[in-house]
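Peer 1:
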Amino acid sequence: MVPAHISACLADISAWMSTHHLKLNLGKTELLFLPAKGSPMIDASITVEGSIVSPSQSARSLGVTLDTQLCFSSHIAAIARTCRFSLHNLRMIQPFLTKEATQLLVQALVISHLDYCNSLLAGLPACAIKPLQLVQNAAARLVFNQPKFTHVTPLLSSLHWLPIAARIRFKSLVLAFQAARGTAPRYLQSLITPYTLPRLLRSASSGKLTAPSLRAPG
Numbered sequence: 011m012v013p014a015h016i017s018a019c020l021a022d023i024s025a026w027m028s029t030h031h032l033k034l035n036l037g038k039t040e041l042l043f044l045p046a047k048g049s050p051m052i053d054a055s056i057t058v059e060g061s062i063v064s065p066s067q068s069a070r071s072l073g074v075t076l077d078t079q080l081c082f083s084s085h086i087a088a089i090a091r092t093c094r095f096s097l098h099n100l101r102m103i104q105p106f107l108t109k110e111a112t113q114l115l116v117q118a119l120v121i122s123h124l125d126y127c128n129s130l131l132a133g134l135p136a137c138a139i140k141p142l143q144l145v146q147n148a149a150a151r152l153v154f155n156q157p158k159f160t161h162v163t164p165l166l167s168s169l170h171w172l173p174i175a176a177r178i179r180f181k182s183l184v185l186a187f188q189a190a191r192g193t194a195p196r197y198l199q200s201l202i203t204p205y206t207l208p209r210l211l212r213s214a215s216s217g218k219l220t221a222p223s224l225r226a227p228g
């Protein structure tokens, strides 16, 4: 039922694109199923315009690699790999750079990758995001030209860099604050509900939000 519905949706998209002088690139179309916890994995291909699209274990969208379990292990590995490559290149030219120039390049080429869409990693255990923390530690040591096993906490503090777990929490809190204040996109504002008390109390203006129910509908 699900594959047939997806095929019908893609057929409608393809028809709309054709009427607007566009073409659906089936060669770059990826199919990713995200089953509910405890549900069996859907292993079914779909057919669109005579082409078969098989399900993938992971798919990339807007720079984020999603996997079937939403554990983001592939995404984290890809970020760490990209950042390590940038750090390697920066080490090659560091003797010709000032500390300030090194910090600017590290923030542009490494820290920006660590921060991109990092709110998606909220709730992951420390062991899952450890590769990103190791990258940030290496970046801090590079800025100060310190050896591999130098204690990194003072370096992060001097750079005013929050650790990875704190950066993730900070991004989530910023998004929640913007949604509560009406400055976030509408699709984010629609996800939160202000907490209302049965009677007027001083805490009514505290800005609390209603915790969503974890029970499945129905």
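In my numbering, the protein residues as written are 11 to 228.
Beta carbons: idealized from backbone N, C-alpha and C, even for Gly.
1) Note the first and the last residue of the continuous alpha helix (DSSP H) segment covering ALA111.
2) Within the continuous alpha helix (DSSP H) that includes ALA136, where are the two ends?
3) Nearest by alpha-carbon distance to PHE95: which of ALA148, LEU72, SER129 and ASP53 is it?
4) ALA90: buried (16+ other C-beta within 10 angstroms of its C-beta) or exposed?
5) If contacts are defined as beta-carbon pairs under 8 Å, then ILE52 and SER17 qualify, I think. What distance do you get, rounded to the angstrom?
6) Straight-line CA distance for GLN79 to ALA54?
7) What is the residue span of the alpha helix (DSSP H) that ILE62 lies within?
8) Could you give the DSSP three-state label for PRO204: helix, strand or coil?
9) Starting from LEU76, follow its DSSP beta bridges and name the residues at the other end.
10) Please state whether the Cβ-Cβ distance between LEU130 and PHE187 is less than 8 Å.
11) At the level of alpha carbons, what is the spacing between PHE159 and LEU169?
12) Specify, as a first and last residue, the run of the alpha helix (DSSP H) that VAL184 falls within.
13) Given a threshold of 16 other Cβ atoms within 10 Å of its Cβ, counted over all protein chains shown, does LEU20 qualify as buried or as exposed?
14) With a Cβ-Cβ cutoff of 8 Å, do PRO195 and LEU219 count as a contact?
15) If you count every other CB in all the chains shown that lies within 10 Å of the CB of HIS98, and 16 or more means buried, which is it?
16) So, at 6 Å on beta carbons, what are the nonlocal neighbours of ARG93 in its own chain, with the 5 sequence-adjacent residues on each side left out?
Peer 2: Quick answer:
1) Position 101 of the sequence shown holds residue 111. First-last of the alpha helix (DSSP H) with ALA111: 109-116.
2) If you number the sequence shown from 1, residue 136 lands on position 126. 136-154 is the extent of the alpha helix (DSSP H) around ALA136.
3) Taking the first residue of the sequence shown as position 1, residue 95 is located at position 85. It is ALA148 whose Cα lies nearest to the Cα of PHE95.
4) The residue given as residue 90 occupies position 80 in the sequence shown. Buried, by the Cβ-count rule.
5) Position 42 of the sequence shown holds residue 52. Position 7 of the sequence shown holds residue 17. At roughly 13 Å, the Cβ-Cβ gap does not stay under 8 Å, so ILE52 and SER17 are not in contact.
6) Numbered from its first residue, the sequence shown carries residue 79 at position 69. Numbered from its first residue, the sequence shown carries residue 54 at position 44. Roughly 17 Å between the two C-alpha positions.
7) Here the question's residue 62 lines up with position 52 in the sequence shown. Where ILE62 is concerned, there is no enclosing alpha helix (DSSP H), although the beta strand (DSSP E) it sits in stretches over 61-63.
8) Start at 1 with the first residue of the sequence shown, and residue 204 comes out as number 194. DSSP places PRO204 in strand when its eight states are reduced to three.
9) Indexing the sequence shown from 1 puts residue 76 at position 66. According to DSSP, LEU76 bridges with ALA69.
10) Here residue 130 corresponds to residue number 120 of the sequence shown, with the count starting at 1. Here residue 187 corresponds to residue number 177 of the sequence shown, with the count starting at 1. Their beta carbons are not under 8 Å apart, which means LEU130 does not touch PHE187 by this criterion.
11) Residue 159 sits at position 149 when you count from the first residue of the sequence shown. Residue 169 sits at position 159 when you count from the first residue of the sequence shown. Each residue's alpha carbon lies about 18 Å from the other.
12) Within the sequence shown, numbered from 1, the residue matching residue 184 stands at position 174. From DSSP, the alpha helix (DSSP H) with VAL184 extends over 174-191.
13) Indexing the sequence shown from 1 puts residue 20 at position 10. It counts as buried.
14) Position 185 of the sequence shown, counted from the start, is the residue given in the question as residue 195. Position 209 of the sequence shown, counted from the start, is the residue given in the question as residue 219. No, they are not a contact pair.
15) Stepping through the sequence shown from its first residue, residue 98 is reached at position 88. By the 10 Å Cβ count, HIS98 comes out exposed.
16) As a working mapping, residue 93 is identified with position 83 in the sequence shown. Note that residue 93 is Cys in the sequence shown, not Arg. Here the set comprises VAL120, HIS123 and VAL145.
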